[in-house]
Each structure stands twice: as C-alpha cells, then as structure tokens.
Amino acid sequence: MPLELQIFNIAYQLSYWSVYESPQMIYVIGSDLNVVRDFDLTDNLVSVLKCNDLNVVSQKVNATRINNFTIYKDNLIVAELTMNWILKKHGYNSNIIIIGISFGACIAAELIMRRPEISEYILISPPIGYYNLATLAKLDVIGTMIFSDHDIFAPLSKVYKLHNNAKMNLMCKLKLMLMRNTNYSYKNRFDLLSTVVTKKCIKCIKRFIYENDVGL
584 MPLELQIFNI AYQLSYWSVY ESPQMIYVIG SDLNVVRDFD LTDNLVSVLK
634 CNDLNVVSQK VNATRINNFT IYKDNLIVAE LTMNWILKKH GYNSNIIIIG
684 ISFGACIAAE LIMRRPEISE YILISPPIGY YNLATLAKLD VIGTMIFSDH
734 DIFAPLSKVY KLHNNAKMNL MCKLKLMLMR NTNYSYKNRF DLLSTVVTKK
784 CIKCIKRFIY ENDVGL
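Letter 66 of the sequence shown, counting from 1, is numbered 649 in our numbering, and no numbers are missing.
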C-alpha cells in the first residue's frame, strides 16, 4: 500500500480534524521509519499540533519501499490527491503548510516544487544522503529544514554543504536548523522539536491572516 491512509475511505475522512475554521491546513507526511519502539514521531507531532487547535491531515510513507520507483510514484499521486481533497474541503483560496518527516520529506519536496498552494514547509530529518534538496533553496517559498547530528540518512557533511549553498543565495527563503545529541527519531529532544514546529506553524498562519487582511 503506498500511503498508510487512502484518500476516500472512512479512516481518511476521520483524519480531517478541525476545532475552528483556520485559514490554513497543515499536511503532515510522515515515515514509518521514525517509529522507535513505543515512540512514533509523526503521531506525537500531529497530536501536539492538534492540541494547539491547528487543522491537521497526516499520512505515512513506507520507507522500506521508497526506492521502488512505482511505489514512489504511487505515493506522489496519493499525496497530490490529498492536496486536492484538502483544497476542495477547506476552500480553494486556502494555503497549505506542509511538514515532511524523514523519507516523507521526499514526497513533501516533490509537492513543494509542484504546488503553488503550499505557503510554507518544514522538513524534519530529510534524507539528503538519498535525495537532492538543493532545488528547494531556489524556490520562492519559505521553508525550514531540521536535522539531527546523529542521523545516518543525513550526513553532517551534506547538511553543511546545503547550508553553505543556501547562504550564497541572498534571496533564499530556506533556513536550516541542527539539533544536537539526538538522531532521526528525536525521541530525547521531542519537546524542543515540537515547540519549534508549532511556533513556526502559528507564525505562518498569523502572517497569512495579516497579508489577507491588508490585501497583500
């Protein structure tokens, strides 16, 4: 199965959660790779976002099969359908904040390059050892990439190279963050990670409200 949730089944319909009509949706694409024993990074992060009254839709990529082109393409198609469903359900004038976690960041990156409805993105532990993210630094989209210093899928040498490339582009809207003493699951630094992600989402929503109020 490409993504853990399918588009038009009951489970997916129930995954749409809203306490109030926020001007933006948060679309989280996670990875089963980040499930470490009793700790699931994607599920825990989604729970935190929901507890802050944010509108969230989440799905997971099967990381063990991400290198299979057919599976990868199927994941991307399902993600595109999810985007269409969100826009239809929430209004075509809405922007979307996308969060990609681990190998889910590969699918998120493809959407960022294809879909103008994405207003901001956060990629957590993107596997830059397997996937080239340099193109994102050239896009006119605000973005943040969060890495850990013990991630076997994102060598620090590649993280620093991406950071230097982003600094060379004066118009770049990409920021890189490095968290020390943790790995790709962030189990021992989850509180810090969730605080950073939540604040960035709320800040993006406030900016979107302001820009629409003043007609920018």
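Backbone N, C-alpha and C define an ideal beta-carbon position, used for all residues, glycine too. These figures come from a predicted structure and were not determined experimentally.
With C-beta atoms as the reference, is Cys-787 less than 8 Å away from Leu-637?
-> no
For His-733, which residues from the same chain have a beta carbon less than 7 Å from its beta carbon, with the 5 sequence-adjacent residues on both sides left out?
-> Thr-765 and Asn-766
Between the region 743-761 and the region 607-615, do three or more beta carbon pairs fall short of 8 Å?
-> no
May I have the straight-line CA-CA distance separating Pro-699 from Phe-622, to the nearest angstrom?
-> 33 Å
Since Thr-727 is in the beta strand (DSSP E), which residue starts that stretch and which ends it?
-> 725-731
Are Val-639 and Lys-633 closer than 8 Å when you measure CB to CB?
-> yes
Measure the alpha-carbon distance for Asp-626 versus Gly-726 and round it to whole angstroms.
-> 22 Å
For Leu-761, which option in Leu-739, Lys-770 and Ser-777 has the closest C-alpha, if you only look at C-alpha atoms?
-> Leu-739
State buried or exposed for Leu-775, treating a residue as buried only when at least 16 other CB atoms are found within 10 Å of its CB.
-> exposed
Quick one: is Ala-737 buried, meaning 16 or more other Cβ sit within 10 Å of its Cβ, or exposed?
-> buried
DSSP state of Ile-612 mapped onto helix, strand, coil | strand
C-beta atoms of Ile-680 and Ile-707 nearer than 8 Å | no
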